[in-house]
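These notes are about the structure you will find just below.
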Amino acid sequence: MNDFRIPLGTLIESFIEWITVTFGVVFDFIRLIVDGAFEGVAFVLVEPPFYVIIVIAAAIGFAVRGWKFAVGTVVGLGLILGVNQWENAMATLALVLVASLIAIGLSVPLGILAAKSSLASQIIRPILDFLQTMPAFVYLVPALILFRVGEVPGIVATIIFALAPGVRLTELGIRGVDKEVVEAGQAFGASPWRILRQIQLPLATPTIMAGINQVIMLALSMVVIAGMVGAGALGGEIVAALSRLDVALGFEAGFAVVILAIFLDRVTAALGNGNTPLGRLLATRKASRHTMDSAAQPTNLPEPALV
Amino acid sequence: MTESIPLQQTIAVKADHLYKAFGRRPHEIVKKLKAGKNRTEISSLGVAAVIDASFEVKKGEIFVVMGLSGSGKSTLIRMLNGLWDTTSGTVTVGGTDITDVSAKELRGVRRKSISMVFQHFALLPHRTVIDNVAYGLEIQGMGRAERLAKAQTIINLVGLAGWADSLPSELSGGMQQRVGLGRALAADTDVLLMDEAFSALDPLIRREMQEQLIELQAALGKTIIFITHDLNEAMFLGDRIAVMRDGRIVQIGTPEEILTDPANDYVAQFVQDVDRARVLTAASVMEPVRAVITKTAGPRAALRTMRDLQTSVVFVLNRDRSFAGIVRDHDVLKMVKTGDADLRTIIRDDATPVAPDTALVDLVEPSVGSDLPIAVVDSKNRLLGVIPRVTLLAAIGNVTTSTDELPVIDPPATISVNVMTDILRDTALEGAEA
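As structure tokens, this is what we get:
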């Protein structure tokens, strides 16, 4: 009807092109780093015999939730092994871990910044809205152009997609810390950095951990989509099953994703509650050492790292 | 912090024309307030939380800021340690003007000079009691062993021995606030700010904490600025009280001054519910002694005084004006009849004298137990005044007595005027004949 059209898409396309040309070196560097990280983690997960990984996973499960969860972990991973998806599952796990770690590494500081500065919060919030609502597939296109086929565009798209809840919940958690407790830190002359480290972050930990949990879950859900740009692993299997209408393969790979998801979710959720068998163990040990030396000699007591 | 001139050394905290306004243009609000506008006239621009507050807190004093919620007292206390900056005016802590220093210097002042106790305790929930108490010392940079040792003595001082390794969540409210108090005491600052520190505690615990605070203050000599909305608490704790209303300090004075001489109707209305018997002292309600004679004056003088004042008891003083006791009409009458002249034989000591700073609540029992007015004597046993029962009741009930015109004479005469006059005349005649 009418020839007039707002050239939004073309504009973005030329912007991406311009970025590719101008910052090509930067993106090559990012690609190198991300790819290296992925290869490294994948090597660690795939290379050892399966039973080593299962034992380690079961040990983690026992430490954070107890023996029932440890048994469940063994059964679940056994099922993955049984349907012959072990290497794919480990590659997927590597992909999720790398993407999640980078996403957390970006989102927690961003969340802290947003909590500290209202201006930063006002800038960051609409960007997060955009990132979260844009269909995830859309990220794949520029990611492919910038990072070429392979794991890296998948990981980058995953990071962008999974970033938002980490930032949001970190900001929410820090802003939600009892104002009076923060004031107490200030009133005794603590520096802002010290208040962040000793009061705000510890008290916001449950909320921040909920955010991290969400980041990991979103990363896992992106893995299949990442499979379409050549990230392989379980996502690649599912994409292959789709194209071949292979119901059996699709469900086998799908179950493997579910098992990984449950494992990662339960572990991170337990860490967020802070009420883990390991945490309790550390707490009682700390308390008993406290009473034993009763302030007589200087000791460097380790802070419990997990809670 | 040490270069303050000697005159200022007795002043721990000084607030000079403090203003705090919230809104888009706080300085404009302050300008308008200074020009004479009131709080409602500037309400379209924002909120004026504190308006022109000036006071000086002496070293070792408990200074209470009292006001209802919204009166600006919490804002005021937060300006005293720079948690909130002032819109106008200055705050001086230990000789340092904290309204005009960098953030780093301000932190230094907070570490060394001024600590704070919070309404809802504001303990670090993830740290044990001892680590909470040692928090201020940790920020001051003290080594772990040293600060834990010091924290342990403070924990014992505030009555939490044995709880050092508990988490705050395992403690009751009162105990948690002891930790809060311990944390502030451990920091060893001269000034303690207490923001509604006992308001979240139940009444029995609150009373206990108030008493303990006074004990600690007496032992440690801290300067305490205490915020409260509870007038009884203010009266109990305060050496001086500042009453706040709508952002302004409407009166500063000792509890008795505020109770007996309220600056305006608001303060008067506010103080009418106070437990007056605990605040007012004997000295503030006592009346001049009228029925008084010296020991050497003799029984006729005593009887004449009784007749003239229509009373049955006369207070007797020694020659150095110290309080000797009382004489009763029947004894005097007998003595006059027999012609004996030495009052000393009939002086009774059943009027137990009290010190001028005795609270009225402690006068009730002696007043009930005897028909005599209570004698108030100073440290040298000089009779300062008396408190008849009527006066005591009037003071406790906050009823104005017109004692200036009609002196209350207690107890009333038991022998009629005519009898006394007759006897005085007869004995006078006898004396003339002899």
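The listed protein sequences correspond, in order, to chains R and Y.
Position one of the first sequence corresponds to residue 1 (my numbering), numbered consecutively onward.
Position one of the second sequence corresponds to residue 1 (my numbering), numbered consecutively onward.
Yeah, the Cβ is synthetic: ideal placement off N, Cα and C, and Gly gets one too.
In this text, all values refer to a predicted model and were calculated from it rather than measured experimentally.
(request) Spell out a yes or no on whether the segment 65-77 of chain Y and the segment 227-242 of chain Y are touching, meaning 3 or more CB-CB pairs, one atom from each, closer than 8 Å. (result) yes
(request) Would you kindly report the start and end of the unbroken alpha helix (DSSP H) that includes Y/Asp52? (result) Within the second sequence, numbered from 1, the residue matching residue 52 of chain Y stands at position 52. Not the alpha helix (DSSP H): Y/Asp52 falls in the beta strand (DSSP E), residues Gly46 to Lys58.
(request) Could you spell out where the alpha helix (DSSP H) holding R/Gln122 opens and where it closes? (result) The sequence position of residue 122 of chain R within the first sequence is 122, counting from 1. Element bounds for R/Gln122: Ser118 to Thr133.
(message) Three or more C-beta pairs under 8 Å: does that hold for the segment 230-246 of chain Y against the segment 266-285 of chain Y?
(response) yes
(request) Taking a Cβ distance cut-off of 9 Å, strictly less, list which residues of the segment 197-211 of chain R are near chain Y, in chain order. (result) Gln198, Ile199, Pro202, Leu203 and Thr205
(message) If you measure between the beta carbons of R/Thr92 and R/Leu234, is that distance less than 8 Å?
(response) Here residue 92 of chain R is taken as the residue at index 92 of the first sequence, counted from 1. Here residue 234 of chain R is taken as the residue at index 234 of the first sequence, counted from 1. A contact, by the Cβ cut-off of 8 Å.
(request) Check whether the Cβ atoms of R/Leu220 and R/Ala261 sit closer than 8 Å, and answer yes or no. (result) As a working mapping, residue 220 of chain R is identified with position 220 in the first sequence. As a working mapping, residue 261 of chain R is identified with position 261 in the first sequence. Judged by beta-carbon spacing, R/Ala261 lies within the 8 Å limit of R/Leu220, meaning their Cβ atoms are closer than that value.
(request) State the Cα-Cα distance for the pair Y/Lys150 and Y/Leu123, rounded to the nearest angstrom. (result) Locating residue 150 of chain Y in the second sequence gives position 150, where the first residue counts as 1. Locating residue 123 of chain Y in the second sequence gives position 123, where the first residue counts as 1. So the two alpha carbons sit approximately 18 Å from each other.
(request) Going by CA-CA distance only, name the one from Y/Gly174, Y/Lys222 and Y/Asp188 that's closest to Y/Glu208. (result) Mapped onto the second sequence, residue 208 of chain Y falls at position 208. Among Y/Gly174, Y/Lys222 and Y/Asp188, the Cα nearest to that of Y/Glu208 is on Y/Gly174.
(message) Please tell me whether R/Gln186 has its Cβ less than 8 Å away from any Cβ of chain Y.
(response) Residue mapping note: residue 186 of chain R aligns to position 186 of the first sequence, counting from 1. Yes, R/Gln186 counts as interfacial toward chain Y.
(request) Note down, in chain order, every chain Y residue with its Cβ under 7 Å from the Cβ of R/Ala190. (result) Indexing the first sequence from 1 puts residue 190 of chain R at position 190. Ordered by position in chain Y, the residues that pass the 7 Å Cβ test against R/Ala190 are Ile139.
(request) With DSSP as the reference, please indicate the residues paired to Y/Lys23 in a beta bridge. (result) Locating residue 23 of chain Y in the second sequence gives position 23, where the first residue counts as 1. It should be noted that the sequence gives Gly, not Lys, for residue 23 of chain Y. For Y/Gly23, which the question treats as bridged, DSSP gives the partners Y/Gly46.
(request) Any chance you could list the beta strand (DSSP E) runs of at least 3 consecutive residues sitting entirely within the segment 53-100 of chain R, in chain order? (result) If one requires a minimum length of 3 residues, no beta strand (DSSP E) run lies completely within the segment 53-100 of chain R.
(request) Using a cut-off of 7 Å between C-beta atoms, extract the partners of R/Val181 located in chain Y. (result) Translated into the one-based positions of the first sequence, residue 181 of chain R becomes position 181. Neighbourhood of R/Val181 in chain Y, by CB distance below 7 Å: Ala122 and Leu124, in chain order.
(request) On a CA-only basis, which of R/Ile123, R/Val239 and R/Gln214 is nearest R/Ile104? Give me that one, please. (result) On the first sequence, position 104 is the one that residue 104 of chain R refers to. Closest option to R/Ile104, Cα to Cα, is R/Gln214.
(request) Alpha carbon to alpha carbon, how far is R/Met90 from Y/Ala187? Give it in angstroms, no decimals. (result) Your numbering for residue 187 of chain Y matches position 187 in the second sequence. Your numbering for residue 90 of chain R matches position 90 in the first sequence. So the two alpha carbons sit approximately 53 Å from each other.
(message) Which residue wins for smallest C-alpha separation from Y/Lys451, given the options Y/Lys104, Y/Val13 and Y/Gly70?
(response) Residue 451 of chain Y lies beyond the stretch modelled for chain Y, which goes from 1 to 434, so this question has no answer here.
(request) Return the chain-ordered list of same chain residues with a C-beta closer than 7 Å to the C-beta of Y/Gly67, the five sequence neighbours on each side being excluded. (result) In the second sequence, the residue the question calls residue 67 of chain Y occupies position 67. Cβ neighbours of Y/Gly67 beyond the five flanking positions: Lys73, His229, Val243, Met244 and Arg245.
(message) Using the Cβ count rule (16 or more neighbours within 10 Å means buried), how would you classify Y/Glu405?
(response) Sequence index remark: in the second sequence, residue 405 of chain Y carries index 405 (1-based). Low per-residue confidence applies at Y/Glu405: pLDDT is 49, beneath 50, and the placement is therefore not dependable, though the value from the model is reported in the following sentence. Per the 10 Å Cβ criterion, exposed.
(request) Compare the C-beta of Y/Arg110 against all C-beta atoms of chain R and say whether one is closer than 8 Å. (result) Mapped onto the second sequence, residue 110 of chain Y falls at position 110. Closer than 8 Å: yes.
(message) Below 8 Å on the Cβ atoms is my contact criterion, and I expect Y/Asp190 with Y/Phe118 to pass it. Report the Cβ-Cβ distance as a whole number of Å.
(response) Translated into the one-based positions of the second sequence, residue 190 of chain Y becomes position 190. Translated into the one-based positions of the second sequence, residue 118 of chain Y becomes position 118. Incorrect: roughly 19 Å between the Cβ atoms, too far for contact.
(request) Note down the Cα distance separating R/Val21 from R/Val44, rounded to an integer number of angstroms. (result) Counting from 1 along the first sequence, the entry for residue 21 of chain R is found at position 21. Counting from 1 along the first sequence, the entry for residue 44 of chain R is found at position 44. Using only the alpha carbons, I get a separation of about 35 Å.
(request) Pick helix, strand or coil for R/Pro109, following the three-state DSSP scheme. (result) One-based indexing of the first sequence puts residue 109 of chain R at position 109. R/Pro109 falls in the helix class under three-state DSSP.
(message) Measuring straight from C-alpha to C-alpha, what distance separates Y/Gly182 and Y/Ile155?
(response) In the second sequence, counting from the first residue as 1, residue 182 of chain Y sits at position 182. In the second sequence, counting from the first residue as 1, residue 155 of chain Y sits at position 155. Their Cα atoms are separated by approximately 6 Å.
(request) Would you list the residues sitting across from Y/Ser500 in a DSSP beta bridge? (result) One cannot answer for residue 500 of chain Y here, as it falls past the ends of chain Y, which runs 1 to 434.
(message) Quick check: what's the CA-CA separation for Y/Lys380 versus Y/Gly325?
(response) Mapped onto the second sequence, residue 380 of chain Y falls at position 380. Mapped onto the second sequence, residue 325 of chain Y falls at position 325. If I take the Cα positions, the gap works out to 15 Å.
(request) Check each candidate in Y/Thr281, Y/Thr10, Y/Val289 and Y/Val377 and name the one with the smallest Cα separation from Y/Leu360. (result) Within the second sequence, the letter at position 360 stands for residue 360 of chain Y. Considering only alpha carbons, the answer is Y/Thr281.
(request) Tell me where the beta strand (DSSP E) around Y/Gly385 begins and ends. (result) In the second sequence, counting from the first residue as 1, residue 385 of chain Y sits at position 385. Note, Y/Gly385: beta strand (DSSP E), Leu383 to Ile387.
(request) Could you confirm whether any beta carbon from chain Y is found closer than 8 Å to the beta carbon of R/Asp178? (result) The count along the first sequence starts at 1 and reaches residue 178 of chain R at position 178. It does: the Cβ of R/Asp178 has a partner Cβ on chain Y nearer than 8 Å.
(request) Grab the span of the alpha helix (DSSP H) containing Y/Arg304 for me, first residue to last. (result) Within the second sequence, residue 304 of chain Y is the residue found at index 304, counting from 1. Unbroken alpha helix (DSSP H) run through Y/Arg304: Pro299 to Leu309.
(message) Our contact map puts Y/Leu383 next to Y/Ala375 with C-beta atoms below 8 Å; I'd like the distance itself, whole angstroms only.
(response) Position 383 of the second sequence, counting from 1, holds the residue named residue 383 of chain Y. Position 375 of the second sequence, counting from 1, holds the residue named residue 375 of chain Y. The Cβ separation is near 6 Å, so the contact holds.
(message) Between Y/Val57, Y/Ser71 and Y/Arg278, which has its C-alpha nearest Y/Tyr266's C-alpha?
(response) To locate residue 266 of chain Y, count along the second sequence from 1; it is residue 266. The candidate whose alpha carbon is nearest that of Y/Tyr266 is Y/Ser71.
(message) One question on the structure: do Y/Ile62 and Y/Val93 come within less than 8 Å of each other, judged by their Cβ atoms?
(response) Counting from one through the second sequence, the residue named residue 62 of chain Y turns up at place 62. Counting from one through the second sequence, the residue named residue 93 of chain Y turns up at place 93. Taking a C-beta distance under 8 Å as the contact criterion, Y/Ile62 and Y/Val93 do not qualify as a contact pair.
(message) Would R/Gly230 and R/Val149 be called neighbours here (beta carbons separated by less than 8 Å)?
(response) Here the question's residue 230 of chain R lines up with position 230 in the first sequence. Here the question's residue 149 of chain R lines up with position 149 in the first sequence. Yes. Within cutoff.
(request) Indicate whether at least one CB of chain Y lies closer than 8 Å to the CB of R/Phe15. (result) Taking the first sequence and counting its residues from 1, one reaches residue 15 of chain R at position 15. Not an interface residue.
(request) Hey, could you find the ends of the alpha helix (DSSP H) Y/Met235 is sitting in? (result) For this step, residue 235 of chain Y is matched to residue 235 along the second sequence. From DSSP, the alpha helix (DSSP H) with Y/Met235 extends over Leu231 to Leu237.
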